[in-house]
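Here's the structure we're looking at; comments come further down.
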Amino acid sequence: MFGNMLENVRTSHPLIHNITNYVTVNDCANIVLACGASPIMADDPEEAEEIAAICGGLNLNIGTLNGRTVASMLIAGKRANALGHPVVLDPVGVGASKLRTETALRLLEQVRFTVIRGNISEIRLLASGSGSARGVDADAADQVTEKNLDEVLRFEKEFAQQTGAVVAITGAIDLVTDGKTSYCLRTGHPMMSAVTGTGCQLSAMTAAFVTANPTHPLEAAAAAVSAMGLAGELAHDRLGALDGNATYRNYIIDAIYKMTPEILEKGASYEVR
Amino acid sequence: MFGNMLENVRTSHPLIHNITNYVTVNDCANIVLACGASPIMADDPEEAEEIAAICGGLNLNIGTLNGRTVASMLIAGKRANALGHPVVLDPVGVGASKLRTETALRLLEQVRFTVIRGNISEIRLLASGSGSARGVDADAADQVTEKNLDEVLRFEKEFAQQTGAVVAITGAIDLVTDGKTSYCLRTGHPMMSAVTGTGCQLSAMTAAFVTANPTHPLEAAAAAVSAMGLAGELAHDRLGALDGNATYRNYIIDAIYKMTPEILEKGASYEVR
Amino acid sequence: MFGNMLENVRTSHPLIHNITNYVTVNDCANIVLACGASPIMADDPEEAEEIAAICGGLNLNIGTLNGRTVASMLIAGKRANALGHPVVLDPVGVGASKLRTETALRLLEQVRFTVIRGNISEIRLLASGSGSARGVDADAADQVTEKNLDEVLRFEKEFAQQTGAVVAITGAIDLVTDGKTSYCLRTGHPMMSAVTGTGCQLSAMTAAFVTANPTHPLEAAAAAVSAMGLAGELAHDRLGALDGNATYRNYIIDAIYKMTPEILEKGASYEVR
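Chains as they are written, first to last, in our numbering: chain A, 9 to 281; chain B, 9 to 281; chain C, 9 to 281.
Laid out in structure tokens, this is it:
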């Protein structure tokens, strides 16, 4: 199943419009290429609508927001909705500032999202509509564990039902749900958190997966999450004694480039709930 | 000949002002350093004129345009023209939006370019002054092949004559012309299109080459194109079984860093038409 | 001593707010992670104050300035000052334009810096309040050498006393002083200047070190400078025959990731003056 999702990205190579932060944008572009899709970045309100229209899918990421990009996100999001294109939201650091929280909530009000992907702290904050965050990482006190898994899944399903979006909470354990069916994925490596933007990369890649698999947003999002986690494992296996997070960053993208549907099928580790 | 062009970059290490997109800007800076020049990025209208003046050459790239950068490009371009500095245009994704098309045409009207470098779709669009594009990649239906090579070269020469610029169309086959003499280059590797910004990098490096070889813009541009293609080949030769587009990205820049005039001379594969 | 400074970053992993240029921002984020801290980038005036408040330290870098980022730097700097958080200034390319010079001087007037780190040309320019620069690299005629070391240290100490900041001049020889005690460090490798943003990375990492060692800003800054130089050496030792500046960039960050307090202690090479 996940293999087919990847296969469809490779054969249809959708064009993905990204309005994303300038910190991890290059890695986002390279991972979108690695999975078989094609990225275009454009964040000026003057071209946001046209670019959204020529693309197949849209990825909105609220890191390093500013007035220009907020306006573009709203324009592009509405246009993508009007055209029936999938839209992904990555609420990076929501809760860290009023600008981020208000922008994320405004986007949720005005744009219909296909997938919302974040860490547990970000998704909790979005779901509650308020709160505060320590930064761009999940709070240490706020991790998905075997203990709180059921509780997290309950609130996540509720949020998915409210928004009509597939919700993906990623971390040590990844939970992807459309409010009815849920995937609990156990791939990945803790060292991924030492690479800036693995979450941003996953969101960009998720946009590619859901665009290439328009009738299966849940499975497509879970496949993207699984591919990223597996890439984190395979990349870690390659690390030599002197390799650190910079080499790891490259190897993760490499692993997506080299991933075949067969590798993804075999390497996936999840249960459906 | 191409070897000399590279040698001149290495000995004069010109300072290159880049107003370029934020997606591939880091790779542009590193490849400019790799070839022996020095990059400076500055895109605010308040400093564009001064920065252009202290540099030897200018590289304008229209990816991720916004109001601030459009204004800066015009200011810097005019200043560089007034000082007799070479200016390179990379019309990334022209045709994908009115903003990109209008900006590119405005730049063509108000700034005299030494080199214009793009893929076949971008250059066709610039030459015709209108049309539409799929994104930042050349249309699949619009590639330079052995079959249409003569036709492409005819229109490219005409565009070069109209603009007074050396025009470089890069892709599977690269065509560089000043309207009279033309270089048809057959270096490079298809996997280069899986790395974001190899075109942007080439444009930045081209600015370094033409700045270091002010009396030979055609040969300098062809040498830069040849160096990039050769780097793509040499980098590909190094790839191991698990290496993908991220490692390839690094190896391409590495290959430019390690390229000697001798390597470039020997590895070049082209005919003059 | 330097080992303890690193140890404290690893155990307290401070959150560092960076308002920095878009050229090297990804490397800054990854090196902050590599040393054990956590980065957040945010440059809109609407969120600069809040982000500064949730972070432990602030890093201001004036490459690719624009109106938005200048305003944010002032807001964030004042807020960090009010909260007693350490603030680092990296005056990239000061002197290359009025915008950069005036912004740097305005920041010096309105914000109290814990550390000011730059190359010799940048620090001279800041100290004198005027002058011109060739770009973002130190003038060739303006290097710290064994010959002028005493003279440079004299002016640097004076500047440290004037500003109340620890001043770090980095280059072939690194000089770090609080106006009384000075560290003269002889680590690093000339090839580091072929990688864009090693200075930016060092400033971001310095912010992490001084934040994790609030009572020892001089030793913390010197430890960061020493760690970066040592990383440059260790990374260079790893380079193969085909590796150039792109691989070197990754290996430098890797070396910081892999650096233990013991490695740093043993590899440090400095004298106290």
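Glycine included, C-beta positions come from ideal geometry on N, C-alpha and C. Bear in mind the structure is a predicted one, so any value in this text is a computation, not a measurement.
Taking 7 Å as the upper bound on Cβ-Cβ separation, chain B lies near residues Y30, V33, N34, A37, N38, L41, A42 and S46 of the segment 27-46 of chain A. A distance below 8 Å between beta-carbons, with the five flanking residues on each side excluded, links I27(A) to the following residues of its chain, in chain order: M49, A50, D51, A56, L66, N67, L68, N69, T77, S80, M81 and A84. Judged by pairs of C-beta atoms under 8 Å, the segment 230-238 of chain B does not touch the segment 222-229 of chain A, as fewer than three such pairs exist. Proximity of A104(C) to chain B, defined by a Cβ-Cβ separation below 9 Å, is satisfied.
The alpha-carbon of S190(B) is positioned some 9 Å away from that of V175(B). Inter-residue distance for E58(A) and N29(B) is about 18 Å (C-alpha atoms, whole angstroms).
Annotated as proximal: T219(C) and P94(C), with beta-carbon spacing under 9 Å.
For K266(C), the residues of chain A that pass the 9 Å Cβ criterion are A249, L250, D251 and G252, in the order they occur in the chain.
Rounded to whole angstroms, the separation of the alpha carbons of H197(A) and E241(A) is 6 Å. Residues I128 and S129 of the same chain have their beta carbon placed closer than 6 Å to that of D150(A), with the five preceding and five following residues left out of the count.
Secondary structure at M9(C): coil, using DSSP grouped into helix, strand and coil. Nearest CB-CB separation between D145(B) and chain A: below the 9 Å threshold. R114(B) and C63(A) have their C-alpha atoms some 25 Å from each other. The Cβ atoms of A45(A) and L23(A) lie closer than 9 Å to each other.
In this structure, the beta-carbon distance from C43(C) to Y265(C) falls below 9 Å. The closest CA to that of Q169(B), considering only K188(B), S105(B), G205(B) and E279(B), is found on K188(B). Comparing C-alpha distances from A90(B) to each of A239(B), V119(B) and L210(B) shows the shortest one belongs to V119(B). At a beta-carbon threshold of 9 Å, none of the residues of chain C lie near D98(B); the nearest stands roughly 17 Å away.
CA-CA distance, V203(B) to N34(C), rounds to 17 Å. For N34(A), the enclosing alpha helix (DSSP H) begins and ends at V33 to A42. Rounded to whole angstroms, the separation of the alpha carbons of G103(B) and L157(C) is 56 Å. Residues of the same chain with a CB within less than 8 Å of the CB of T111(A), apart from the 5 flanking positions on each side, are I70, L73, V78 and M81 in chain order. Considering only G237(C), G126(C), A61(C) and Y259(C), the residue with the shortest C-alpha distance to L247(C) is Y259(C). In this chain, the alpha helix (DSSP H) harbouring C208(B) covers T206 to A220.
Excluding the 5 residues flanking it on each side, G179(C) has same chain C-beta neighbours closer than 7 Å at N127, I128, A146, Q151 and V152, in chain order. Contact with chain C is found for R246(B), since one of that chain's Cβ atoms lies less than 9 Å from the residue's Cβ. In this structure, the beta-carbon distance from V31(B) to G205(B) falls below 9 Å.
Assignment of N89(B) by DSSP, reduced to helix, strand and coil, places it in the helix class. Think of a sphere of 9 Å around the beta carbon of E54(C): the chain A residues whose beta carbon falls inside it are L73, N74, G75, S105, K106 and L107, in chain order. Between D182(C) and chain A, the shortest Cβ-Cβ separation is not below 9 Å. Close to G179(A), with beta-carbon spacing below 7 Å, lies no residue of chain C; the smallest spacing is near 15 Å. With respect to chain A, the C-beta atom of R257(C) has a partner C-beta closer than 9 Å. The DSSP assignment places 106-118 and 128-136 as complete runs of the alpha helix (DSSP H) inside the segment 96-148 of chain A, in order along the chain (cut-off: 4 residues). Residues of chain A whose Cβ lies closer than 7 Å to the Cβ of I59(C) are, in chain order, A104 and S105.
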